[in-house]
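2 protein chains.
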Amino acid sequence: MIENSTIAAISTAQGNGAIAIIRLSGSESFAICDKIFKSKLGKKISEQKANTIHFGEIVNGNKIIDEVLISVFKSPQSYTGEDSIEISCHGSEFIQQQILNILINNGAKLANPGEYTQRAFFNGKMDLSQAEGVADLIASNSVASHKIAINQMRGGFSNEISDLRNKLLKFVSLIELELDFGEEEVEFADRTELNKLVFNIKNKIEILIKSFEYGNAIKNGVPVAIIGEPNVGKSTLLNILLNDDKAIVSDIAGTTRDAIEDNTIINGINFRFIDTAGIRETTDTIENLGIKKTFDKIAKAEIILLLIDASTTKEKEVLSQINSIKQRISDNQNLIITFNQIDKVSDYNQINISDLTSVNISAKENINIDILKKVLSKNYKSLDENNIVISNVRHLQALENINSALERAYNGLQSDLPSDLIAMDIRESIHFLGEISGDISTDEILGNIFKNFCIGK
Amino acid sequence: MIENSTIAAISTAQGNGAIAIIRLSGSESFAICDKIFKSKLGKKISEQKANTIHFGEIVNGNKIIDEVLISVFKSPQSYTGEDSIEISCHGSEFIQQQILNILINNGAKLANPGEYTQRAFFNGKMDLSQAEGVADLIASNSVASHKIAINQMRGGFSNEISDLRNKLLKFVSLIELELDFGEEEVEFADRTELNKLVFNIKNKIEILIKSFEYGNAIKNGVPVAIIGEPNVGKSTLLNILLNDDKAIVSDIAGTTRDAIEDNTIINGINFRFIDTAGIRETTDTIENLGIKKTFDKIAKAEIILLLIDASTTKEKEVLSQINSIKQRISDNQNLIITFNQIDKVSDYNQINISDLTSVNISAKENINIDILKKVLSKNYKSLDENNIVISNVRHLQALENINSALERAYNGLQSDLPSDLIAMDIRESIHFLGEISGDISTDEILGNIFKNFCIGK
C-alpha cells in the first residue's frame, strides 16, 4: 500500500508571499536535492545531519532559479516518517512553479491531496483519527473548532478509542477462553463484572455520540434562527451580524422568502445565522412556503432569536408571540427575545418577560449589537475543557455501529445468551473501533479521508 | 537608524495552506521563543545551535496552540543579520493569527512591510539595489522578469555600479591631488587617459539607461497594439490571446472606444496587449477621439499587430493600409500583418507583402493562434543573457543624473576647464551611484522603497 515514489508539492497557501515552502518526501529526496541544489559551502544535502538548515541555490542546468534554505529531515524522525526536505524559497508563484517543475523533472512525483499525512499514517506516525485531526486543524477558524481539532490531532480521541478497544479485547478473550473449554462450563469471565464493563463502555460511547451535536455545531457553526413577524428588521440584523449585505433589505414586508444563512465568528465561537421569512397569516402561496421553511429552521436551531419591533408592537401581542414560539421549541433550545428599533421609542419601558433572556437593540442604528453578541456567546452551551468532542461524521457512524453491537451484547448478557453470540457482538464493536483508529481500513475509507486534504499536507 | 525591537510577521501567502511560516527577528527572538515554545525534548531554543530545527508546541499559558517546527538562525548568519527564528505551523489562518498575537503579547513588534529586508540592508547583508531585487523577485511572473530580478538580487547590477564608482573615485582622487599642489601645474592624471575613462564609463551608463526600455517592458509587459479597421475582429483576437472576455465583442463596427489593455505571459514573456478603436473616416466625435487614442497607443507600442479581414479586404486596400501604418511607426517598432477570418476564405491566396511578417488566422475559430503567439515571441527583442538590465525607475533617474554629470565632466575635459570644476561633476556622478547602492540614502528614499514590499519580507 505504501508507494515508494518521492513526492513533491507546494505546502504554503497559494499566491505570492514573502516566502513559500516546497516539500519533498521519500527515499529519493536527498538524491533529487543533490541534483538541483548548490550549497554556498559546497556541501551535499545527502551528507548533512538531520534537522539542519542549509543556504544555497536551486539550479536548473546553468540557470539559477532562486536562493533558498533547505531543511533536512531523516527517516523516521520526520512528519511522514520518510527522508524529507523542505525548500524555503522566495514567494513568487512563478518561482514556486519553477522549483516544483525542476523537482518533477528530476524524478519526484506530484503529491496527491493529503499524501504526506497519508504516508505519516502508513508509517505509524499517527492513527487515522489523528490524521483527520490534522485536516480539521488546518480548516479550524475559531477557538472552539481549533480546540477540538488540536486535541484530536494530538491523540486525545485516539487514546480514548484505544483504551476502550483494549478493555473490550480483554473481555472478549476471556469469553473466548471459556468457549475453548467447550462443554466444561467454566466461567473465567465474571458475568457481573462483564455486565458492568459493557455498560460503562456503552455509556462512554453514548457520551461521544452525544458530543457530535456540539462538535458539529462548532465545525459548521452554532445554528441561530432569526425569526419574527414580517418587516421587523430580521434581514437588517443579519447583515449587521455578518458585517455584510447578504440579505436584501426593503421596507416591503415579506421580502425574504428563502432562508438566508451565513457564518461568522463571535467571541471565538462560529455561529451560523439563519435569516427567515417573517411569520404571519398570509394567502400568498410562495410566502406560505417560506413560513413553513421558517418553522423547519426553528426546529434545527440551537438558539432562536425572536425579533420584535419595540416601536409598534403592544405588550399583549408580544406575550402572545412569545407563547406561540415557546410551544414550538424544545428544552435544549435557547430563546432570546430581541426588541428592535428602540431608538424610535422614547422612554422605553421594557415589557415584563422576566423568565426569558431579552436584549434591546437597534439593528439599523447599530445600538447594543455588542450586547446582543455577548448574550449569544453566553447562550452557547460550551462543553467542559477536558471533554473529548467528536466532529467527524465518519466517527459518528462508527460509534453508532459500536453502540448497536454493545447494546446487543449487553442484552445478551442480561438474558444469558450463549457466550459465542456475545463474543460475536463484542468482536463487531472492536472492528468499528478499529475503523476509527485505522487499525482496520479499506482503500475506500482512506480515499474518502485524504481526498479532502489540501495538497502539500 | 536601526531599531532594536524584535519584529514578527507571517511570511507565507495569505490564506489557509498546509503549512505557514511566521518569522521573528531581533535580539529578543530567542528569549521570546523560550517563553512560548515547549520543545518535545525539553530543550531551550536559546541554547540551540545555529541552523538547526526543533519540534515542539507553541503554548499560551496552559493552552496548546499548535505543534510546530522552529528553525534557529544566529547573527550575523541570518537573512536580516540578526538573531532570528522561523516558526513552521499548521496553515490555518486562525492558528497563524493566534501565534502572531502570542509573539506580540510576549514583546515582539509587528513588522512593517519590507522590514526584514530593510534590516538586512542596514546590517550590510545586501546593498539597496539588491534589496529592490528581492521585491522584484517576489513579484516576478515570467522567465524574463525573473532573470532580471534574480541577477539584481544576487548583486550583478551592484557589482557594475560599485566598479564604476571605484573607477571614478580613483579618477577624482588624482584630479584632487593636482589641486593640492595648487599653482605648481603638476599633472598626475593623464588627460588622454581621463578622457578615455570618462567616455567609457559614460558609455556604460548609457547602455544601462537604454536597457530600461527593455527592463520596463519585461516588468510591465511588452506593449503590443492590436490595430485595424472597424469590425475586423480586434476584440475577439484580444479575448483569445488573454483567454478572457475582457473586451466587449459585437458585430457593430466601432464597439470598442476606449483602449482596452491587459497582460498575459506567452512563452515566458510578459506581453501587454492593447485593443484599440478601429481606424476609419468617421464624423462621430467620440469615435474620432477613440481613433486619436489609437494613434497614441501605436506610438508607444513595441509591436504593432495590424489585423486585416482576409474575407472582405482587397489587395489594393491591404497595401494602402499597410503603407499608411508604416508611415506612423519607427524602425524600433515591429509590424506584424495578421490576416483574420481565413476560415471564411476558400482557396486563400496570400497577398504579396514579402518584406513584412505576416500570419493567417481565425480569431473566432481559434485557427493558427499558436503560430501568431510564436511570431510575437520571435518579434520581441531579447537582450543578451549576460547583459545587465535595469527595470527600476529610481535607478533610471539616478543613472540619468550620473550621465548628465559625466557629460559635463567630459565636455569640461575637452575644453580644458579648471580641474576643480571637473572634480565637482565627477563627485556628483559618484553621489548618484551611491544613491543606487544605498551608500548614500535618505529616510525618504528608504521609505519609498520598503513601503512597496510585502509584509513578512
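Protein chains in written order, with my numbering: chain R, 1 to 457; chain E, 458 to 914.
Note that beta-carbon positions come from the ideal geometry of N, C-alpha and C, so glycine has one too.
Does DSSP put residue i in a helix, a strand or coil?
i	result
A477/E	strand
K280/R	Inspection of the sequence shows that residue 280/R is occupied by Arg rather than by Lys. The answer is coil: DSSP assigns R280/R none of H, G, I, E or B.
V591/E	helix
R785/E	coil
G685/E	strand
K125/R	coil
I910/E	Note that residue 910/E is Phe in the sequence shown, not Ile. F910/E falls in the coil class under three-state DSSP.
S78/R	coil
E485/E	coil
F494/E	strand
N817/E	strand
M458/E	A caution first: M458/E carries a pLDDT of 45, below 50, which makes its placement in the model unreliable, though a value can still be read off. M458/E falls in the coil class under three-state DSSP.
G895/E	coil
L446/R	helix
K754/E	helix
E187/R	coil
K344/R	helix
V846/E	coil
Q778/E	helix
T434/E	Residue coverage of chain E in this structure runs from 458 to 914, which leaves residue 434/E outside it and unanswerable.
G412/R	helix
A596/E	helix
G747/E	helix
What residue range does the beta strand (DSSP E) around residue i cover?
i	result
L417/R	It is not in any beta strand (DSSP E) - L417/R carries neither H nor E in the DSSP assignment.
G56/R	52-60
L762/E	760-766
N720/E	717-723
D66/R	63-73
N368/R	That residue, N368/R, is in no beta strand (DSSP E); it is neither H nor E in DSSP.
L792/E	791-797
S88/R	84-90
Name the two residues that bound the continuous alpha helix (DSSP H) containing residue i.
i	result
K196/R	191-220
A465/E	Taken as a continuous stretch (DSSP letters only), A465/E belongs to no alpha helix (DSSP H), being part of the beta strand (DSSP E) at 464-467.
T693/E	691-699
F181/R	Segment: none, F181/R is in no alpha helix (DSSP H) and carries neither H nor E.
S145/R	143-153
Please report the Cβ distance between residue i and residue j, rounded to the nearest whole angstrom; I am assuming they are in contact, meaning their Cβ atoms lie under 8 angstroms.
i	j	result
K373/R	N200/R	Between N200/R and K373/R the Cβ distance is about 41 angstroms, and since that is not below 8 angstroms, they are no contact.
Q327/R	I308/R	Between I308/R and Q327/R the Cβ distance is about 17 angstroms, and since that is not below 8 angstroms, they are no contact.
E93/R	G15/R	7 angstroms
E229/R	I279/R	6 angstroms
G133/R	Q118/R	In fact, because the Cβ distance is near 14 angstroms, the residues do not count as touching under 8 angstroms.
I227/R	I298/R	6 angstroms
Could you name the residues that DSSP lists as bridge partners for residue i?
i	result
P680/E	R729/E
L100/R	DSSP, once it has assigned bridges, lists no residue as partnering L100/R.
L567/E	A465/E
Please confirm whether any heavy atom of the ligand MN lies closer than 7 angstroms to the CB of residue i.
i	result
F730/E	This structure lacks the ligand MN, and indeed carries no ligand of any kind.
Which residues, taken in chain order from the region 484-495 of chain E, show a beta carbon closer than 8 angstroms to some beta carbon of chain R?
Answer in chain order: no residues at all.
To be precise: take each residue of the region 594-627 of chain E, compare its Cβ to all Cβ atoms of chain R, and keep it if any distance is under 9 angstroms. Which residues remain?
Those would be L594, I595, A596, S597, N598, S599, V600, S602, H603, K604, A606, I607, N608, M610, R611, in chain order.
Compile a chain-ordered list of the residues in the region 547-569 of chain E whose CB is closer than 8 angstroms to at least one CB of chain R.
Listed by position along the chain: H547, G548, S549, E550, F551, I552, Q555.
When you check each C-beta in the region 466-478 of chain E against every C-beta of chain R, which residues fall closer than 9 angstroms?
For the region 466-478 of chain E, which is checked against every Cβ of chain R, the residues closer than 9 angstroms are A466, I467, S468, T469, A470, Q471, G472, N473, G474, A475, I476, A477, I478.
Members of the region 298-321 of chain R near chain E, C-beta cut-off 7 angstroms
For the region 298-321 of chain R, the set of residues with a beta-carbon nearer than 7 angstroms to any beta-carbon of chain E is empty.
When Cβ atoms are compared, which residues of the region 716-730 of chain E fall closer than 7 angstroms to chain R?
Going along the region 716-730 of chain E in chain order, one finds no residue with a Cβ nearer than 7 angstroms to chain R.
Chain E contacts made by the region 195-226 of chain R, where a contact means CB separation under 9 angstroms:
Flagged: no residues at all.
Going along the chain, which residues of the region 70-85 of chain R sit with their C-beta nearer than 7 angstroms to a C-beta in chain E?
From the region 70-85 of chain R, only S71 have a Cβ closer than 7 angstroms to chain E.
Report the residues of the region 514-525 of chain E with a CB closer than 8 angstroms to any CB of chain R, ordered along the chain.
If the cut-off is 8 angstroms between Cβ atoms, the region 514-525 of chain E has I521, I522, D523, E524 near chain R.
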